[in-house]
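*Asks:*
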Amino acid sequence: MGLDIRIPLGLIFLLIGGLMSVYGLITRHSAAVYEKSMGINLNLTWGLLMFLFGAIMYFVGRRQKWQDDPVDPRPWEKPTGPRH
Numbered sequence: 000m001g002l003d004i005r006i007p008l009g010l011i012f013l014l015i016g017g018l019m020s021v022y023g024l025i026t027r028h029s030a031a032v033y034e035k036s037m038g039i040n041l042n043l044t045w046g047l048l049m050f051l052f053g054a055i056m057y058f059v060g061r062r063q064k065w066q067d068d069p070v071d072p073r074p075w076e077k078p079t080g081p082r083h
């Protein structure tokens, strides 16, 4: 069993992206907050991108892992013919 960094990394990006998106939604009509970024809501944009990246990393990390297991081998390594 190895360390899969995609799961905690995905959770971190999900959390930070979610927080940024919520902050961007709350402050979307505040011109003073987005004056430095030429009126573009970067919190919402990058928050959604980070949330999407985190979701992809998390779900890829949680997918079924194929291991070298003699009891339950990979589908393409299973014997297909009758056993003798």
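Residue numbers (numbering that gives the first Met the number 0): 0 to 83.
Even glycine gets a Cβ: it sits at the ideal position worked out from N, Cα and C.
Going by C-alpha to C-alpha distance, which of L8, R5, T44 and I11 sits closest to L24?
*Replies:* Locating residue 24 in the sequence shown gives position 25, counting from the first residue. Minimum Cα distance to L24 is reached at T44.
*Asks:* Is F12 buried or exposed, if buried means 16 or more other CB atoms sit within 10 Å of its CB?
*Replies:* One-based indexing of the sequence shown puts residue 12 at position 13. Buried: at least 16 other Cβ atoms inside 10 Å.
*Asks:* Using a threshold of 9 Å, state whether the C-beta atoms of M19 and N42 are closer than that.
*Replies:* Counting from 1 along the sequence shown, the entry for residue 19 is found at position 20. Counting from 1 along the sequence shown, the entry for residue 42 is found at position 43. Yes, these two residues count as a Cβ contact at 9 Å.
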